[in-house]
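Everything in the sequence shown is counted per my numbering, starting at 185 for the first residue and increasing by one. Input: a single structure, listed below in structure tokens.
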Amino acid sequence: MASKSQQISAIGLLTGVASTYNITDIGGGFRAGDGYSPLLASLGLVSGLAVVSQNLYVTDGSMNLLRKIDMSNPQNPIIQTIAGVLNDKGYNGDNLLATLATLSSPSSIAFN
185 MASKSQQISA
195 IGLLTGVAST
205 YNITDIGGGF
215 RAGDGYSPLL
225 ASLGLVSGLA
235 VVSQNLYVTD
245 GSMNLLRKID
255 MSNPQNPIIQ
265 TIAGVLNDKG
275 YNGDNLLATL
285 ATLSSPSSIA
295 FN
């Protein structure tokens with residue numbers, strides 16, 4: 185599978201500095217990259233983005249995940265799965281941890 189790259193441009197909420205982040209799908213679709221740089225993580229169909237505090241939340245519709253990118257240290261951002269099971273599509277989750285619940289192609293996200 186060919187490597188794909190998606191680009192996210194952001195203005196730092198605290199600093200006002202504009203930055204561009206290239207998020208690369210290395211094509212494997214088999215690793216989430218949790219605990220590492222989002223530049224090393226596989227991301228599929230990214231369609232929903234939300235920023236809360238110093239965190240960027242990303243929906244990944246093809247891998248059925250909700251991801252959080254911690255930008256509190258812009259030089260070393262960290263990606264983590266906060267909901268969904270990698271490549272496991274479904275509609276369950278009652279009384280389960282969010283990371284054990286299955287999602288079905290999440291496409292948007294909002295916080296109140």
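Where is the CB? At the ideal position from N, CA and C, for every residue including glycine.
If you reduce the DSSP assignment to three classes, tell me which class residue i lands in.
{"i": "LEU249", "result": "strand"}
{"i": "ALA282", "result": "helix"}
{"i": "LYS188", "result": "With a pLDDT of 48 at LYS188, under the threshold of 50, the modelled position of this residue cannot be trusted; read the value that follows with caution. Note: LYS188 maps to strand in three-state DSSP."}
Nearest by alpha-carbon distance to residue i: which of the options is it?
{"i": "ALA216", "options": "GLN238, LYS252 and LEU240", "result": "LYS252"}
{"i": "LEU227", "options": "ASN239, ASP244, ASP218 and GLY274", "result": "ASP244"}
{"i": "LEU240", "options": "THR286, LEU280, VAL269 and SER221", "result": "SER221"}
{"i": "GLY274", "options": "SER288, GLY268, LEU281 and ILE266", "result": "SER288"}
{"i": "ILE266", "options": "PRO258, LEU223, ASN257 and LEU280", "result": "LEU280"}
{"i": "ASP272", "options": "SER246, ILE263 and GLY219", "result": "SER246"}
Residue i bridges to which residues according to DSSP?
{"i": "GLN259", "result": "Note: GLN259 sits in no beta bridge, so no partner."}
{"i": "TYR241", "result": "ALA234 and LYS252"}
Less than 8 Å separating the beta-carbons of residue i and residue j?
{"i": "ASN248", "j": "THR283", "result": "no"}
Touching or not, the region 225–238 and the region 283–293, by the rule of three or more beta carbon pairs under 8 Å? yes
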